[in-house]
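Protein chains: 2
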Amino acid sequence: MAEQRQGQLHLGAFLYFTGHHHAGWRHPSSGVEQMFDIGNYVRMAQTAERGKFDMIFFADLLHLIYPSHAAAGMFDPIALLSALSMATEKIGLTATMSTTYNEPYNAARKFATLDHISGGRAGWNIVTSQTDAEAFNFGREQHPEHGLRYEMAQEFVDVVTGLWDSWEDDALVMDRGAGLFADPDKLHALDGQGRWYRSRGPLNVPRPPQGYPVLIQAGSSGPGQAFAARVGEVIFTAQPHLAGAQSFYQGVKSQLARFGRTQDSLKIMPGISPIIGSTEEEARRRERELLELIRPEEAIGFLSGMLQTDLSGYPADGPLPDIPDPVIASNGMKSRVQLIMDLARNENLSMLELGRRLLGARGHLQFVGTPERLADLMAEWFRQYGCDGFNIMPPVLPGDLDDFVDHVVPILQRRGLFRESYEGATLRDHLGLARPGVGHFHPDRVQQ
Amino acid sequence: MAEQRQGQLHLGAFLYFTGHHHAGWRHPSSGVEQMFDIGNYVRMAQTAERGKFDMIFFADLLHLIYPSHAAAGMFDPIALLSALSMATEKIGLTATMSTTYNEPYNAARKFATLDHISGGRAGWNIVTSQTDAEAFNFGREQHPEHGLRYEMAQEFVDVVTGLWDSWEDDALVMDRGAGLFADPDKLHALDGQGRWYRSRGPLNVPRPPQGYPVLIQAGSSGPGQAFAARVGEVIFTAQPHLAGAQSFYQGVKSQLARFGRTQDSLKIMPGISPIIGSTEEEARRRERELLELIRPEEAIGFLSGMLQTDLSGYPADGPLPDIPDPVIASNGMKSRVQLIMDLARNENLSMLELGRRLLGARGHLQFVGTPERLADLMAEWFRQYGCDGFNIMPPVLPGDLDDFVDHVVPILQRRGLFRESYEGATLRDHLGLARPGVGHFHPDRVQQ
């Protein structure tokens, strides 16, 4: 066995529609009727906090997907997290915001506000938008090419962190008698002239309590990994197998040194979508129930979309056909296609089984079994350097989050793998990340 | 006396920094130390709700003003209002969002989210950004010309309302058994090809509970009035004198018919910044205290900025010099310059007195006196068709809001001029505004 790693793992609660399973909304334990009721989200955030999760996380898409047969529609995540900050005390509050369809000044201000409102619990998952449907909602015809999107995202982040640094930590004086509100020598304009983005500043919100809200990244491609190695503090990644996860973990962490970063300054958290039962049989039955709620044409349609290849002409119970080379070579598709082909081959799945499985876990690590076995798997991945923790993707919400907190968290705690209570107040405290000083991520500080 | 109008007036609580008075933050009753603490805003929102206000309102600026000698910095208003929705039950939650530096899809989604989260209490003050400092924060060199900005704002609002209409009210089906989440026939793409803005839709948030969040407008210029007459449901305006207010009221309301709108479908609410004392003498003493906290160079500097004319070479205790014609003719300045010149002439103010007065009330109706006299003035303006209510601009926060709620609201209630309790649940209910149906404001529905 490999080296036995000490320490505790980190947990995110990835709250997505009425659960990550495509047909989960139809299951009796889903809260679909409350999907646009803030009370539903309050309850889930409080459940995750009861389970001592490091954070909750909301993905974000700037278009309406699954318009008729699956749960669709997402609240604006900053508005949602701001509301939830009032109903929770400790848990981190994180969400995606696209660099493609926002202005750096607005993005910096929103996350700074959330960090102030929540007392230092904000985190930003930095993504670049990818789908044409999003471009159309913003009056554009298409997206920039994959590599260029990362170059733009890097510049976007440089401007945002520069705006967070535009107030020094002690710029606020608030001396009533002297009439001095802020020290003008500690407020700074940005002098950079970026290729894509510029903002003079200063920001109109003081430096966030955490210095910077935690910077999260979710791209697993080459440019995505390089970007994460430079600015990411958490990576959400899709890793269906331990060997691949270990290789990814090693690959990303080995890039940190050249940016002057320690191994601990970035936490790698694969997604895992667990279907739990008190026995293996119960878990398997539950998995079948959910899979059977997925209509075959949806499974094949989803797989076609994931692979950007029309699969409707192939037999659903046959194997996945070869994916054309030009698709694999296109904008950001390569790592995704490889993961899907590996899954089909390793488990000998038919196209329908593959499509249903992918819709179930959406490409992430799928687990079906008892809480004890899930804890075994999580411990193995953590101890053998496959990850620093997990982003838990409950198939049906809110029911499967309740089950995880009630049945899996206590096992992890008993084994010393997870906290019994929050020790710190901020998301950086929970994740063991240092608070960055002013100028921390500025380009001139980076050792290229 | 003019016709005695019946009915009740509407009240907004305009929460701005630590009060509208420029030097109010230095006063012992300000909450400046809590300015970036959400608890401070919770307390004010709950006070306004205790006073049965129709709404709270946050202005928004996309740059940092008053960087050193006055309270500066503003939370993102959507994040702030979303948080406050959790700490209040009935009061309307309104804020400015610029059409100049946002995308219609993002704006539509944020206000739709706030409306869902708050159970139908959202309102959007539609503004166009005006200052170079804002342009610089968004990497631009300058703003579009005044008239063009309104043309762009109109198109922006058309796209936003189109996105709110992209889900019919009964589009959500959520039939678990049939597997039908939403009725695709009741979800619509927008087919418009605007000159400035486009968005295909549908929005990824269902139609807001209020149909549209309440649409607020604050421009008093000619194009501003025309824009308000078409789409505004509330106007915040600066009217220092009753005669001018009556003329403005009449002018805007007379334009409603050609858009097929009733007189009641738009509420005109001038700002008023009251300095209250239990006696006239106490109120005057309080006014002097506040004015003396303003340094003369700040008063003259502010006046110079308001008039876009350098006044530092003129004697501070002398009269306001003539403002050059090219300034008056420039981008959106005309109505503002006229208001300021009228105030100086009517009250025979020196330049310093004028500058301090304007910094005190920032061009809005200034009141200094007892609660009884303030109630008299509000009643007179309302009964004589100078307004439909007021946007209360407390000079020092939170203290002056407490005083207004404790000492002025009860008088208005006793006189039958203001509600004793909320009768409805939404901001539209409070304001007596109808819920718009799908397509309500679309261009083809407007009678030009």
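Here the protein sequences line up with chains A and B, keeping their order. Those letters in the first sequence? Residues 5 to 452, by our numbering. Those letters in the second sequence? Residues 5 to 452, by our numbering. Think of the CB as a built atom: it goes at the ideal place given N, C-alpha and C, for glycine as much as any other residue.
Residue environment for B:G181: exposed (fewer than 16 other C-beta atoms within 10 angstroms of its C-beta). Burial is judged here by how many other beta carbons sit within 10 angstroms of a residue's own beta carbon; A:E351 has fewer than 16 and is exposed. Taking the CA atoms as reference points, B:R377 sits about 39 Å from B:I121. At least one CB atom of chain B sits nearer than 7 Å to the CB of A:G183. Chain order gives the chain B residues near A:R202 as G143, where near means a beta carbon separation below 7 Å.
The bridge partners DSSP lists for B:Q370 are B:S277. In the structure shown, A:N141 falls within a helical segment according to DSSP collapsed to helix, strand and coil. Note that the C-beta distance between A:D80 and A:P212 is not below 7 Å. Within the stretch 252-329 of chain A, complete beta strand (DSSP E) segments of at least 3 residues are found at 271-280, given in chain order. Close to chain B, meaning a Cβ-Cβ distance shorter than 7 Å, is no residue of the stretch 273-296 of chain A at all.
Contact of B:Y109 with chain A is assigned, a C-beta pair being separated by under 7 Å. Between the stretch 8-19 of chain A and the stretch 49-61 of chain A there are three or more C-beta pairs closer than 8 Å, enough to call the two in contact. Listed along chain B are H120, P210, each with a C-beta nearer than 7 Å to that of A:F40. Among the residues of chain B, those whose CB is under 8 Å from the CB of A:V36 are M178, R180, F185, following chain order.
Taken atom to atom, the span from the alpha-carbon of A:K257 to that of A:Q214 is near 23 Å. Taking CB atoms only, A:P206 has a neighbour in chain B less than 7 Å away. In this structure, DSSP gives A:M337 a state outside helix and strand, which the three-state scheme calls coil.
The C-beta separation of A:G364 from A:I304 comes to about 14 Å, leaving the pair out of contact by the 8 Å criterion. Excluding residues up to 5 positions away in sequence, A75 lie with their Cβ nearer than 6 Å to the Cβ of A:F21 in the same chain. Per DSSP, A:G228 lies in no beta strand (DSSP E); the unbroken alpha helix (DSSP H) holding it starts and ends at 226-235.
For A:A137, same chain residues with a beta-carbon under 6 Å away, outside a window of 5 residues either side, are H67 in chain order.
Interface annotation, A:M310: not in contact with chain B, CB-CB separation never under 7 Å. In this structure, the beta-carbon distance from A:A383 to B:S86 does not fall below 7 Å.
For B:Y109, the CB contacts under 6 Å within the same chain, skipping 5 residues up- and downstream, are S203 in chain order. Taking the Cβ atoms as the reference, B:P210 lies roughly 6 Å from A:F40, within the contact range of under 8 Å. One thing to note: A:E237 has its Cβ no nearer than 7 Å to the Cβ of A:L260.
Taking C-alpha positions only, B:T241 is separated from B:I332 by approximately 19 Å.
Contact between the stretch 181-198 of chain B and the stretch 122-130 of chain B is absent: fewer than three C-beta pairs spanning the two stretches fall below 8 Å. If you look at B:N44, you'll find it in the alpha helix (DSSP H) that goes 42-54.
A straight-line Cα-Cα distance of about 24 Å links A:R290 and A:A49. Beyond the five residues adjoining it in sequence on each side, B:P325 comes within less than 6 Å, by CB distance, of Y318 in the same chain, given in chain order. In the structure shown, B:A126 falls within a strand segment according to DSSP collapsed to helix, strand and coil.
Taking C-beta atoms under 8 Å as the contact rule, A:T100 and A:A157 fail to qualify, at a distance of about 12 Å.
Scanning A:A111, A:S354, A:L343 for the CA closest to the CA of A:P300 turns up A:S354. Per the coordinates, the alpha-carbon of A:P375 lies some 10 Å from the alpha-carbon of A:L416. If you check the CB distance, B:S251 and B:Q370 do not come in under 7 Å.
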